[in-house]
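Working notes for the structure below.
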Amino acid sequence: MKKTILTILLCGLLLTGITGCKNEKNDIDLGGDLPLQNKEDLIFSINSGDKSCIPVKLAVYEDGTYELFTTYKACRPGNTCTDILSYTKSIKGKYDYDVMKIFADENIVADQPHSMDNLPEYEIYMSDKYVQKDYEYCYTIEKNTINISLDNFLKQIDVNLNLCANPDYID
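Everything in the sequence shown is counted per the working numbering, starting at 1344 for the first residue and increasing by one.
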């Protein structure tokens, strides 16, 4: 399962680098600063399942902070990129919400394989620490379903996961 997900992500990244995909979901600079370093209290990260672009990614930490990754390292259009996806900017914030309620919702599915023709609305990846606490590594929320807890959480922190991250072109 992990290999399938990694293969899909790497293929998407390679196609983006080769074709020089344009950010169609937002043409604005989302902003952000350098990402946090050595955050060991990660609970999970979540991003859109849409692979038409590199999505923003939300990391949620145990200490009540979150980090929305908005910019990624990219090659200029027309150049081939073989680097692993690496986010270069993020927006930080705080939350006051029981994020574990998201996993109690009946509309969240653990370790379900998807084809490129049937991608989920959201993909959630638990940290190793939580996998050791008997959570699954990967959860998905299917299209046309509602996870009320996730929706409430995203409204509270005012985050839209359906945006494309901005490319940070390397020379």
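For each residue, glycine too, the CB sits at the ideal point set by N, CA and C.
Tell me the rounded alpha-carbon separation between residue i and residue j.
{"i": "Asp-1393", "j": "Tyr-1480", "result": "19 Å"}
{"i": "Lys-1437", "j": "Leu-1428", "result": "25 Å"}
{"i": "Asn-1487", "j": "Leu-1504", "result": "15 Å"}
{"i": "Thr-1431", "j": "Asn-1450", "result": "32 Å"}
{"i": "Gly-1407", "j": "Leu-1506", "result": "23 Å"}
{"i": "Tyr-1473", "j": "Met-1443", "result": "11 Å"}
{"i": "Ile-1389", "j": "Lys-1476", "result": "19 Å"}
Is residue i helix, strand or coil when you go by DSSP?
{"i": "Ser-1458", "result": "coil"}
{"i": "Lys-1472", "result": "helix"}
{"i": "Ser-1429", "result": "coil"}
{"i": "Leu-1358", "result": "Here the model assigns Leu-1358 a pLDDT of 41, short of 50, so the residue's position is not dependable, and the following value carries that caveat. The answer is helix: DSSP assigns Leu-1358 an H, G or I state."}
{"i": "Lys-1486", "result": "coil"}
{"i": "Ile-1451", "result": "strand"}
{"i": "Lys-1365", "result": "Low confidence applies here, because Lys-1365 scores a pLDDT of 41, under 50, leaving its location unreliable; read the following figure in that light. Lys-1365 falls in the coil class under three-state DSSP."}
Select from the options the residue whose C-alpha is nearest the C-alpha of residue i.
{"i": "Phe-1446", "options": "Gln-1499, Leu-1493, Asn-1505 and Lys-1382", "result": "Leu-1493"}
{"i": "Asp-1460", "options": "Glu-1485, Lys-1472, Asp-1454 and Gly-1436", "result": "Glu-1485"}
{"i": "Lys-1400", "options": "Lys-1472, Arg-1419, Val-1502 and Tyr-1473", "result": "Val-1502"}
{"i": "Val-1403", "options": "Asn-1422, Cys-1424, Ala-1453 and Ile-1467", "result": "Ile-1467"}
{"i": "Phe-1496", "options": "Pro-1398, Val-1452 and Asp-1441", "result": "Asp-1441"}
Does the distance from the C-beta atom of residue i to that of residue j stay below 8 Å?
{"i": "Ile-1500", "j": "Asp-1448", "result": "no"}
{"i": "Asp-1384", "j": "Glu-1405", "result": "yes"}
{"i": "Cys-1396", "j": "Ile-1513", "result": "no"}
{"i": "Asp-1511", "j": "Lys-1416", "result": "yes"}
Cutting at 7 Å between CB atoms, please list the residues of its own chain near residue i, excluding the five before and the five after it.
{"i": "Gln-1455", "result": "Thr-1483"}
{"i": "Leu-1462", "result": "Gly-1392, Asp-1393 and Lys-1394"}
{"i": "Thr-1347", "result": "Note on Thr-1347: pLDDT 46, under 50, position unreliable in the model; the coordinate value appears next. Closer than 7 Å at the Cβ level, and outside the excluded window around Thr-1347, lie Pro-1456."}
Going along the chain, which residues of its own chain have a beta-carbon closer than 8 Å to the beta-carbon of residue i, five neighbours each way excluded?
{"i": "Met-1469", "result": "Ile-1386, Phe-1387, Tyr-1478, Glu-1479, Tyr-1480, Cys-1481 and Tyr-1482"}
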